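In this note's numbering, the protein residues as written are 319 to 840. A virtual CB, placed ideally from N, CA and C, is assigned to each residue, including glycine. None of these values were measured; they are calculated from a predicted model. Remarks on the structure that follows.
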Amino acid sequence: MMRVMHWILSLLLLCTSGFASLSVSPELLNKSLEDHIHYSEEGTNYIGHIYVGGHSTQIGQGTFIYIKKALDYYRDELKPIFIILELDTPGGQVFAAQKISDVLKEIDTQYDIPVIAVIDNWAISAGAMLAYSCRYIAAVKDASMGAAAPVTQSGESTSEKVNSAIRADFANRAAYFDRDPLIAKAMVDADLILVVRDDEIVELAKDDEIRSTDQVITRKDKLLTLSSEEMMELGVADIRLMPEKLVPITEAEKSKGEWLGSQELLFTEPFFKEIPNAVVKAFKMDWKTQFFSFLGSPIVASVLFLGLLLGFYMEMSTPGFGLPGIVALICLGFIILSSFALEAAGWLEFIILGVGIALILIELFVIPGFGVTGIFGIILAVGALFVLLLPGIGEVSFDFDTQTLNAAGEHIFGRIVWLSGTIVVGVIMIALLAKYVMPRFALFSPLVLRDDQTGYVAGMAKNELPDVGAIGTVVSPLRTAGKVEIEGEQYDAVSSGKFIMKGERVRVIEITGSKVVVEEIE
Numbered sequence: 319m320m321r322v323m324h325w326i327l328s329l330l331l332l333c334t335s336g337f338a339s340l341s342v343s344p345e346l347l348n349k350s351l352e353d354h355i356h357y358s359e360e361g362t363n364y365i366g367h368i369y370v371g372g373h374s375t376q377i378g379q380g381t382f383i384y385i386k387k388a389l390d391y392y393r394d395e396l397k398p399i400f401i402i403l404e405l406d407t408p409g410g411q412v413f414a415a416q417k418i419s420d421v422l423k424e425i426d427t428q429y430d431i432p433v434i435a436v437i438d439n440w441a442i443s444a445g446a447m448l449a450y451s452c453r454y455i456a457a458v459k460d461a462s463m464g465a466a467a468p469v470t471q472s473g474e475s476t477s478e479k480v481n482s483a484i485r486a487d488f489a490n491r492a493a494y495f496d497r498d499p500l501i502a503k504a505m506v507d508a509d510l511i512l513v514v515r516d517d518e519i520v521e522l523a524k525d526d527e528i529r530s531t532d533q534v535i536t537r538k539d540k541l542l543t544l545s546s547e548e549m550m551e552l553g554v555a556d557i558r559l560m561p562e563k564l565v566p567i568t569e570a571e572k573s574k575g576e577w578l579g580s581q582e583l584l585f586t587e588p589f590f591k592e593i594p595n596a597v598v599k600a601f602k603m604d605w606k607t608q609f610f611s612f613l614g615s616p617i618v619a620s621v622l623f624l625g626l627l628l629g630f631y632m633e634m635s636t637p638g639f640g641l642p643g644i645v646a647l648i649c650l651g652f653i654i655l656s657s658f659a660l661e662a663a664g665w666l667e668f669i670i671l672g673v674g675i676a677l678i679l680i681e682l683f684v685i686p687g688f689g690v691t692g693i694f695g696i697i698l699a700v701g702a703l704f705v706l707l708l709p710g711i712g713e714v715s716f717d718f719d720t721q722t723l724n725a726a727g728e729h730i731f732g733r734i735v736w737l738s739g740t741i742v743v744g745v746i747m748i749a750l751l752a753k754y755v756m757p758r759f760a761l762f763s764p765l766v767l768r769d770d771q772t773g774y775v776a777g778m779a780k781n782e783l784p785d786v787g788a789i790g791t792v793v794s795p796l797r798t799a800g801k802v803e804i805e806g807e808q809y810d811a812v813s814s815g816k817f818i819m820k821g822e823r824v825r826v827i828e829i830t831g832s833k834v835v836v837e838e839i840e
């Protein structure tokens, strides 16, 4: 009886609105809910809960990792009857939103776990794309959805070509669950003019085409942003949640991530109110997910790349294996972990990286000199490394008709800017290290004698060593330790901080213990 009264009241309200014929009827909504949400009359009915909010929360790669982990947990372990995606976000990265959109649609269509977007109270820009990617949309009384025009990382408006690509993608994602694509386009394109004419949404070329009988949705030079009432009237939202007094969710329940369904505003709706033994199980971001989200930041990726560059340089510039090499390996490990979390690369990239590193090591320590093997290893290692550092590079496409990159391309371009800046900083720091630090740093190696020796000396006596200023030839490459030949005699030597290849002429600049420090003669 209560359900019938609810339908009648909803119909009366809709009949008084301007776009009543476009709204979802209560009968069709209830039939759809019954078809897609199946609950048990006796056992516990679990409902998943994912929160993307805080008003200031930007959607990014970290958001993708969080939502992907949550959906994997619900799919493989909890198996809820449906999932609530609570949105309160001003937007964020389009590429990250597209990836999230794909996994939201997948868990519904492939694993029969529908997702209900509850807008409380912002689903702006990329947030609107997430809402469109859910089978059902519920909006609180003061909710807003729309204003999805893409902008550059500096906050400037993108070109019309980029807008065109995003506009089409937005419309396709809206249409996936049978919502009007023109409404979605108007959220991206401020030049669109939409009206309701003869119970249909019509796009017009200019304001002069608007008739007196038309009901205007949006005019030119205005991005479409809908209130909850307008979402209902235009068929974008399925449920409007009016304020009601509920049993509050306690801090203990939030900490545990579990509370009764009746404590959610969604369960004031008749269909959900009838679900027995409903328990909400929120996905809590554990330390691993938080850590992976942290690694997914382009700033963190750039810092790791810089650490890898400097660590590798310092390790190759000093004899033995020490702290710089450990730092480089740790940075590389974190880059690989981040790539796994972002699903940026497959096993092929890791295999190529491993082969490249192996070839470099063979060239350095097995084969004399530096030739084709080392060069090929560097190409493989650097290529694989850049794939790991550029998540989504495999999804980049270029539309030759519009001369535009897709969202993945825009994302990769931003990453390349970060990495290019990192390379510039790295080169400057390496130059400073080579000039001011490495000649001294090499002498602190445990393989280098630092003091004058008395009594027994491991190696040659000091009076048997060449004089400062003596000229010789490199016998084995100085990386930075090796051997040189001076006046027919061979000596252990250390370069002043850089590689010196076999056959190069060098000059003795210092004698430290039984070690000869040399520099290349230009």
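Item, Value
"Presumed contact (8 Å Cβ cut-off) between Val-506 and Phe-488, rounded CB distance", "5 Å"
"Completely contained alpha helix (DSSP H) runs for the stretch 597-673, where each covers 4 or more residues", "605-613, 616-634 and 641-659"
"Proximity of Ile-437 and Val-458 at Cβ, strictly below 8 Å", "yes"
"Range of the contiguous alpha helix (DSSP H) that encloses Gly-821", "Note, Gly-821: premise wrong, no alpha helix (DSSP H); not H, not E."
"Exposed unless 16 or more other CB atoms sit within 10 angstroms - verdict on Arg-558", "buried"
"Exposure of Pro-566, with buried meaning 16 or more beta-carbon neighbours within 10 Å", "exposed"
"8 Å Cβ cutoff met for Arg-491 and Ser-443", "no"
"Inter-residue Cα distance where the pair is His-354 and Thr-427", "10 Å"
"Of the residues Gly-445, Lys-524 and Ala-388, the one placed nearest Val-412, counting alpha carbons only", "Gly-445"
"CA nearest to the CA of Gln-376, picked from Ala-676, Ile-402, Trp-440 and Tyr-429", "Trp-440"
"Val-513 to Arg-485 span [Cα, whole Å]", "18 Å"
"Extent of the continuous beta strand (DSSP E) run through Asp-406", "400-407"
"Three or more C-beta pairs below 8 Å linking the stretch 577-595 and the stretch 693-709", "no"
"Same chain, Cβ closer than 6 Å to Ile-804, neighbours up to 5 away in sequence not counted", "Pro-784, Ala-788 and Gly-790"
"Exposure label - Lys-387; buried when at least 16 CB within 10 Å", "buried"
"DSSP three-state assignment for Gln-581, whether helix, strand or coil", "helix"
"Reference Ala-508, options Ala-523, Arg-515, Ser-657 and Ile-519, closest by Cα", "Ala-523"
"Residue closest to Lys-349, alpha-carbon to alpha-carbon, out of Tyr-454, Gly-361 and Ile-383", "Tyr-454"
"Nearest neighbour of Trp-577, chosen from Ser-620, Ser-832 and Gly-366 [CA to CA]", "Gly-366"
"Inter-residue CB distance, Gly-629 and Gly-643 (contact presumed, cutoff 8 Å)", "7 Å"
"Coarse secondary structure for Arg-453, derived from DSSP in three states", "coil"
"Beta carbon of Leu-707 nearer than 8 Å to that of Leu-751", "no"
"Neighbour-count burial assignment, Ala-811, 16 or more Cβ in a 10 Å radius", "buried"
"Close Cβ partners of Lys-602 (< 6 Å) along its chain, the five nearest in sequence each way excluded", "Gly-575"
"Own chain, CB closer than 6 Å to Val-520, minus 5 neighbours either side, in chain order", "Val-513"
"Val-834 versus Leu-679 - alpha carbon distance", "25 Å"
"For Glu-518, the first and last residue of its enclosing beta strand (DSSP E)", "518-522"
"Nearest candidate by alpha-carbon position, reference Cys-452, set Val-421, Cys-649, Ile-593 and Glu-569", "Val-421"
"CB contact flag (Gly-361, Gly-410, <8 Å)", "no"
"Met-550, enclosing alpha helix (DSSP H) - first and last residue", "546-551"
"Rounded separation between Ala-659 and Ile-383 - CA only", "7 Å"
"Own chain residues within Cβ distance below 6 Å of Leu-347, not counting five before or after", "Asp-556"
"For Asn-595, the three-state DSSP class (helix, strand or coil)", "coil"
"Three-state secondary structure assigned by DSSP to Val-506", "helix"
"Tyr-809 in three-state terms, based on DSSP", "strand"
"7 Å CB neighbourhood of Thr-607 in its chain, flanking five on each side removed", "Ile-383, Tyr-384 and Lys-387"
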